[in-house]
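Numbering-wise, the numbering used here comes out as the position in the sequence shown, counting from 1, plus 5. Ideal Cβ placement from N, Cα and C applies to all residues, glycine included. So the structure is just underneath, and the comments pick up after that.
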Amino acid sequence: MTRCLFTLLLIGSFFILQGQTHTVSLGIYSGITSTYSWDQGVGIDPRYKTRYDVKLAPIGISYGMDFEGFGFVLTPGIVNTGQNFIVLNFVGGQEGVRKTNVQYLNLPIGFKIHIIDLSFFKVSFLMGGSAAFLLSGKETVSHNYTKLIFPTEVYPILPTDYIVEYDGVVSPQVNAYSMLAKKDFNTIQFFASAGFRSDWDVSDNWRVSFDFRLNYGVRDPRNENYLEKLEAYQTLYDIPGKRRDTHASLTIGIARFIEIDKKDKQKKAAKGSPKAYTPSSYPWPKPRTRKPK
6 MTRCLFTLLL
16 IGSFFILQGQ
26 THTVSLGIYS
36 GITSTYSWDQ
46 GVGIDPRYKT
56 RYDVKLAPIG
66 ISYGMDFEGF
76 GFVLTPGIVN
86 TGQNFIVLNF
96 VGGQEGVRKT
106 NVQYLNLPIG
116 FKIHIIDLSF
126 FKVSFLMGGS
136 AAFLLSGKET
146 VSHNYTKLIF
156 PTEVYPILPT
166 DYIVEYDGVV
176 SPQVNAYSML
186 AKKDFNTIQF
196 FASAGFRSDW
206 DVSDNWRVSF
216 DFRLNYGVRD
226 PRNENYLEKL
236 EAYQTLYDIP
246 GKRRDTHASL
256 TIGIARFIEI
266 DKKDKQKKAA
276 KGSPKAYTPS
286 SYPWPKPRTR
296 KPK
């Protein structure tokens, strides 16, 4: 998918560049993300309640090309995703937190349609996709000494210090209990994205950009080995169910840009073309045209 997008971009750019004046920009950006997990297991698990948090998208590089009415942008960078949940006891009181932290090297490509297209300011609708490569990942749970509602299917694997009662399971205090490690996540994820981007030319060479996107994870972030354990109820703090992550990203960047004018390129090419040298006179004496006397 992503390979096809990059190939189409390169082919299209080659032909477009032959006939249009355009701008090219290169810069850096940083921002924040917030993730919502569509997790069927969490949705029916009485131990958890949705919580929203903001994570950092620390650094990235942007490369863009803008033409009249449309453009392209590449924004490879590091992104942190994963939603957190509040841990609830058997009567609904808050007892702790379940944290998910997944970090990717994300390689997005976006196609821009300019909604506002002025010489110094552009607002664009943005759509595209990306391939994201796993850098790190973990999921942990922490809670107080309390009574929780565990599914009866996991009772056989409960540790000895978890005591089953008629209305729940008396659970000891746990601190950062490991639910998933890096090995339990897929090494590559694909995202489909859509959003808006604005570009402000603050001088003749510098541009400030604001970018907002919604990114939908095409695959379950957890790998097949973990999902098999999950389906077999071999995970203490998780319930079987599909998961898809959607994260919103908001970034701000600065870039240096140049304008490439087709007419100027043609003029330079014409001025620099070599011409045949035709001397006004021979560098040696001309041959005789008359007989000597």
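Quick check on residue i: does DSSP put it in helix, strand or coil?
{"i": "V159", "result": "helix"}
{"i": "E264", "result": "strand"}
{"i": "S198", "result": "strand"}
{"i": "N149", "result": "coil"}
{"i": "D189", "result": "helix"}
{"i": "N228", "result": "coil"}
{"i": "I121", "result": "strand"}
{"i": "K127", "result": "strand"}
{"i": "E100", "result": "strand"}
{"i": "I47", "result": "Looking at the sequence provided, one finds Val at residue 47 rather than Ile. Looking at V47 - three-state DSSP - the assignment turns out to be helix."}
{"i": "E233", "result": "helix"}
{"i": "D326", "result": "Only positions 6 to 298 of the chain appear in this structure, which leaves residue 326 out of reach."}
{"i": "Y242", "result": "coil"}
{"i": "E144", "result": "strand"}
{"i": "Q108", "result": "strand"}
{"i": "G76", "result": "strand"}
{"i": "F59", "result": "This sequence places Val at residue 59; Phe is not what is there. It is coil, neither helix nor strand."}
{"i": "V92", "result": "strand"}
{"i": "I154", "result": "coil"}
{"i": "D166", "result": "coil"}
{"i": "R218", "result": "strand"}
{"i": "K54", "result": "strand"}
Is residue i near residue j, with beta carbons less than 9 angstroms apart?
{"i": "F116", "j": "F77", "result": "yes"}
{"i": "L139", "j": "I66", "result": "no"}
{"i": "I244", "j": "Y34", "result": "no"}
{"i": "I114", "j": "S129", "result": "no"}
{"i": "A62", "j": "V84", "result": "yes"}
{"i": "G142", "j": "F190", "result": "yes"}
{"i": "D44", "j": "G246", "result": "yes"}
{"i": "A253", "j": "T38", "result": "yes"}
{"i": "Y167", "j": "V175", "result": "yes"}
Pull up the distance between the alpha-carbon of residue i and that of residue j, whole angstroms please.
{"i": "V41", "j": "Y150", "result": "Checking the displayed sequence, the identity of residue 41 turns out to be Tyr instead of Val. One C-alpha to the other measures close to 28 angstroms."}
{"i": "K165", "j": "I154", "result": "The question names Lys, but residue 165 is Thr in the sequence shown. For T165 and I154, the distance between alpha carbons rounds to 16 angstroms."}
{"i": "V207", "j": "D250", "result": "36 angstroms"}
{"i": "R218", "j": "Q178", "result": "39 angstroms"}
{"i": "G87", "j": "V146", "result": "13 angstroms"}
{"i": "E100", "j": "D172", "result": "17 angstroms"}
{"i": "A186", "j": "I263", "result": "45 angstroms"}
{"i": "R224", "j": "D266", "result": "43 angstroms"}
{"i": "R202", "j": "G36", "result": "13 angstroms"}
{"i": "T157", "j": "E170", "result": "11 angstroms"}
{"i": "D122", "j": "V107", "result": "37 angstroms"}
{"i": "L163", "j": "G98", "result": "22 angstroms"}
{"i": "L241", "j": "V159", "result": "6 angstroms"}
{"i": "G74", "j": "I118", "result": "6 angstroms"}
{"i": "A197", "j": "L112", "result": "12 angstroms"}
{"i": "N210", "j": "G32", "result": "12 angstroms"}
{"i": "I120", "j": "L110", "result": "30 angstroms"}
{"i": "Q5", "j": "K127", "result": "The question about residue 5 has no answer, for the chain in this structure spans 6 to 298."}
{"i": "L255", "j": "T80", "result": "13 angstroms"}
{"i": "W205", "j": "S124", "result": "9 angstroms"}
{"i": "V213", "j": "G133", "result": "21 angstroms"}
{"i": "N230", "j": "I64", "result": "32 angstroms"}
With hydrogens ignored, establish whether the beta-carbon of residue i is closer than 8 angstroms to any heavy atom of the ligand ZN.
{"i": "F125", "result": "The ligand ZN is not part of the structure shown, which contains no ligands of any sort."}
Using a Cβ-Cβ cutoff of less than 7 angstroms, which residues in the same chain neighbour residue i once the five nearest sequence positions on both sides are dropped?
{"i": "F20", "result": "Unreliable positioning characterises F20 in this predicted model, as indicated by a pLDDT of 45, which lies under 50. The coordinate reading is nonetheless provided below. The answer is none, since no qualifying residue turns up."}
{"i": "Y57", "result": "S39"}
{"i": "A281", "result": "For A281, the predicted model reports a pLDDT of 49, less than 50, meaning its position is unreliable; a value from the coordinates is still stated below. Here the set comprises nothing."}
Near residue i, what residues of its chain come up, given a Cβ to Cβ distance below 6 angstroms and the 5 sequence neighbours on each side ignored?
{"i": "T28", "result": "D71, F262 and E264"}
{"i": "N180", "result": "S147"}
{"i": "I49", "result": "none"}
{"i": "P51", "result": "I154"}
{"i": "Q271", "result": "Because Q271 sits at a pLDDT of 49, beneath the cut-off of 50, its placement in the model cannot be relied upon, and the point is left open."}
{"i": "E144", "result": "T105, M184 and L185"}
{"i": "N220", "result": "F196, S198 and H252"}
{"i": "V59", "result": "I37 and S39"}
Near residue i, what residues of its chain come up, given a Cβ to Cβ distance below 8 angstroms and the 5 sequence neighbours on each side ignored?
{"i": "R227", "result": "L185, D189, F190, N191, L235 and R248"}
{"i": "Y53", "result": "V47, F90, I91, V92, L93 and R103"}
{"i": "Q137", "result": "Checking the sequence shown, residue 137 turns out to be Ala, not Gln. Correct list, in chain order: V84, Y109, L110, N111, L112, I193, Q194, F195 and F196."}
Please report the Cβ distance between residue i and residue j, rounded to the nearest whole angstrom; I am assuming they are in contact, meaning their Cβ atoms lie under 8 angstroms.
{"i": "S30", "j": "G69", "result": "5 angstroms"}
{"i": "A199", "j": "L131", "result": "7 angstroms"}
{"i": "F95", "j": "K152", "result": "5 angstroms"}
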